[in-house]
Amino acid sequence: MNFECFQTQLENQLQTKVKFDLQEVLYQPQSFGNGLLGYRINGKCYRLTYDGKERELRVDSSEHHEKYFGATWTELQTFEGLSNVQGIAALLTS
Numbered sequence: 008m009n010f011e012c013f014q015t016q017l018e019n020q021l022q023t024k025v026k027f028d029l030q031e032v033l034y035q036p037q038s039f040g041n042g043l044l045g046y047r048i049n050g051k052c053y054r055l056t057y058d059g060k061e062r063e064l065r066v067d068s069s070e071h072h073e074k075y076f077g078a079t080w081t082e083l084q085t086f087e088g089l090s091n092v093q094g095i096a097a098l099l100t101s
């Protein structure tokens, strides 16, 4: 699965659970398929950074009510690949 398909599937999962605002999107198909997604969910910001070369997705979160740009990020979890869409959606909505 590429990063664009992952984004579509993740947002479909999120729409059934919570209201979210997309804050940032970056997809680099010529650079190993790297990508970055930023969301605001329930007053918290989340940043998902995919390293296509290492096939790792890192999920970071901010403190409540911080603005996305300038947020203090804390790593929540790292996933191998992009296949665990349900688990990632559950992490973002918990």
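Each number in the working numbering corresponds to the 1-based position in the sequence shown with 7 added. Every residue gets a Cβ at the ideal spot worked out from N, C-alpha and C, and that includes glycine.
Cα atoms of Thr85 and Phe13: separation of roughly 15 Å, rounded to the nearest angstrom. By the criterion of a C-beta distance shorter than 6 Å, Gln35 is surrounded in its chain by Asn41, once the five residues flanking it on both sides are discounted.
For Phe86, the three-state secondary structure derived from DSSP is strand.
The C-beta of Val32 has fewer than 16 other C-beta atoms within 10 Å across all chains shown, which makes the residue exposed. Apart from the 5 residues on each side of it in sequence, Leu17 sits with its Cβ closer than 7 Å to the Cβ of Val92, Ile95, Ala96 in its chain, given in chain order.
In the structure shown, Gly42 falls within a strand segment according to DSSP collapsed to helix, strand and coil.
Non-local beta-carbon contacts of Phe39 in its own chain, meaning distances under 8 Å to residues more than five positions away in sequence, involve Asp58, Gly59, Lys60 in chain order. Here DSSP, grouped into helix, strand and coil, assigns Gln35 to strand.
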